[in-house]
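Visitor: Start counting at 1 in the sequence shown, then tack on 160, and there's your number in the working numbering. We put the CB at the ideal spot given by N, CA and C, even for glycine. Sharing a structure, written as structure tokens. Questions coming.
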Amino acid sequence: MSVGDFLDVNVCIGGDNVPRKLSVVPHVIVGTPFGVSNMISCKSLNTGCIQTVVINKAEKMLTNDYTKSIEKIMKKLTKTRQVTILTSDKLDHVLDIYMESLRDPLVIINDKEKDDDLLKNLPKQFSLNIQSEWKMNALCEINETLKIQRSIIFCNTLDRAQKLYDSLQRLEYAVSLFHLEMNAHEREQILDMFSSNNLKMLITTDPIKGSQFQEASWIINFDLPINPICYLDRVAKCAKSIKVINFIDENDDHTKSAIETHNKSYMIQMPLNMIDLLQY
Numbered sequence: 161m162s163v164g165d166f167l168d169v170n171v172c173i174g175g176d177n178v179p180r181k182l183s184v185v186p187h188v189i190v191g192t193p194f195g196v197s198n199m200i201s202c203k204s205l206n207t208g209c210i211q212t213v214v215i216n217k218a219e220k221m222l223t224n225d226y227t228k229s230i231e232k233i234m235k236k237l238t239k240t241r242q243v244t245i246l247t248s249d250k251l252d253h254v255l256d257i258y259m260e261s262l263r264d265p266l267v268i269i270n271d272k273e274k275d276d277d278l279l280k281n282l283p284k285q286f287s288l289n290i291q292s293e294w295k296m297n298a299l300c301e302i303n304e305t306l307k308i309q310r311s312i313i314f315c316n317t318l319d320r321a322q323k324l325y326d327s328l329q330r331l332e333y334a335v336s337l338f339h340l341e342m343n344a345h346e347r348e349q350i351l352d353m354f355s356s357n358n359l360k361m362l363i364t365t366d367p368i369k370g371s372q373f374q375e376a377s378w379i380i381n382f383d384l385p386i387n388p389i390c391y392l393d394r395v396a397k398c399a400k401s402i403k404v405i406n407f408i409d410e411n412d413d414h415t416k417s418a419i420e421t422h423n424k425s426y427m428i429q430m431p432l433n434m435i436d437l438l439q440y
């Protein structure tokens, strides 16, 4: 049973799934910021009919890629619309960004207990202190030294992920880019290739759910996520045998400390001899 059994629901997630014209006005539109913004730009969605906007997982939409699309959407809506913002972490900068879109906001904090089992079963985590401009070289060295078969590489923005993908492709690595702006068929094809070992590296901005996640032997946070909840989403659902390498640049010390404190975990300093990582 789902909401679609009772209401007319339209899904727009980018790519081929963004409709150019709606035959009827649906009760609910579920989509990415880019997909909904694209519908509005194409004039296939009458914004005057929208009464409520729900921004889910707002802590993951703090990058320019998302906030610009959300700003475009908000500017096209009526002043009487209701806005609901959901976040799994209490972040002051979430409110800072969206405060202008809210009228007489009511903040409700659900102080639920952490999932101790999830935190206890985190994989081994390592940190590599490195300047931003040397991350690409370090990534290549890690892959060559450790002979990594399959790895998931996380970036914080789609633009950043695209540039890394282009650079690795030029070096002829078996790599693909995975993100939620792709249509469902594209994403499924890429994950199938990764599961069948036709891809060595999967670059993404989004946590990957499902059995395909278990196929990777390493997770590399090319960019450290902006808060502990995002970090937990990336690493907590994978197999415990996976090892995590975090690139810590000159701006990441505070974020690293926040992640370790929140998740009750510790990032082990990378050994001087990378091959020693295989002993953990």
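1) Would you call Q151 buried or exposed, if buried means 16 or more other Cβ atoms sit within 10 Å of its Cβ?
2) Rounded to the nearest angstrom, what separates L432 and T365 at their Cα positions?
3) For W294 and D383, what's the separation of their Cα atoms in angstroms?
4) Using 9 Å as the threshold, is the C-beta distance between I408 and I379 below it?
5) Per DSSP, which residues does I405 bridge with? Please list them.
6) With DSSP run on the structure shown, which of helix, strand or coil describes K272?
7) Leaving out the 5 sequence neighbours to the left and right, which residues in its chain are closer than 7 Å to M427 when beta-carbon positions are compared?
8) Do F354 and A321 have their C-beta atoms closer together than 9 Å?
9) What is the DSSP secondary structure of M430, counted as helix, strand or coil?
10) What do you get for N198, buried or exposed, if any count of 16 or more other CB atoms within 10 angstroms of its CB means buried?
11) At the level of alpha carbons, what is the spacing between S229 and L438?
12) I'd like the list of long-range same chain contacts for T244, defined as Cβ closer than 6 Å, with 5 residues on each side in sequence excluded.
13) Thinking E341 and T192 are a contact (beta carbons under 8 Å), I'd like their distance in whole angstroms, please.
14) Extract the residue ranges of the alpha helix (DSSP H) inside the segment 275-361, only unbroken runs of 4 or more that lie entirely within it.
15) Can you tell me which of L362, A334 and E332 puts its alpha carbon nearest to the alpha carbon of E314?
16) Looking at I189: is its Cβ nearer than 9 Å to the Cβ of K232?
17) Name the DSSP beta bridge partners of T244, please?
18) Smallest Cα separation from I290: which of Q242, N411 and I435?
19) DSSP on I230, reduced to helix/strand/coil?
20) Bridge partners of I363, per DSSP?
21) Would you report the Cα separation of Y325 and S292, rounded to the nearest angstrom?
22) Grab me the residues of I312's own chain with a C-beta within less than 6 Å of its C-beta, minus the 5 sequence neighbours each way, in chain order.
23) For D412, name the three-state secondary structure that DSSP assigns.
24) Can you give the Cα-Cα distance for N357 and Y333, rounded to whole angstroms?
25) Output yes or no for whether 9 Å exceeds the beta carbon distance between L246 and I210.
26) What's the gap between the Cα of Q429 and the Cα of V404?
Guide: Reading off the structure:
1) The structure shown does not extend to residue 151, since the chain is modelled only from 161 to 440, so the question has no answer here.
2) Distance between the alpha carbons of L432 and T365 is about 29 Å.
3) 12 Å
4) no
5) F286 and I380
6) Unreliable positioning characterises K272 in this predicted model, as indicated by a pLDDT of 49, which lies under 50. A coordinate reading is not provided.
7) Within the same chain, M427 has close Cβ partners Q285, F286, S287, N406, K416 and E420.
8) no
9) coil
10) buried
11) 43 Å
12) V214
13) 6 Å
14) 276-280, 295-306, 318-330 and 344-355
15) The question names Glu, but residue 314 is Phe in the sequence shown. Here the closest residue by C-alpha is L362.
16) no
17) V214
18) The option with the nearest alpha carbon to I290 is N411.
19) helix
20) I313 and L337
21) Taking the straight line from one Cα to the other gives about 16 Å.
22) L362, A376 and I379
23) Coil, per DSSP.
24) 13 Å
25) no
26) Q429 and V404: Cα-Cα distance of roughly 12 Å.
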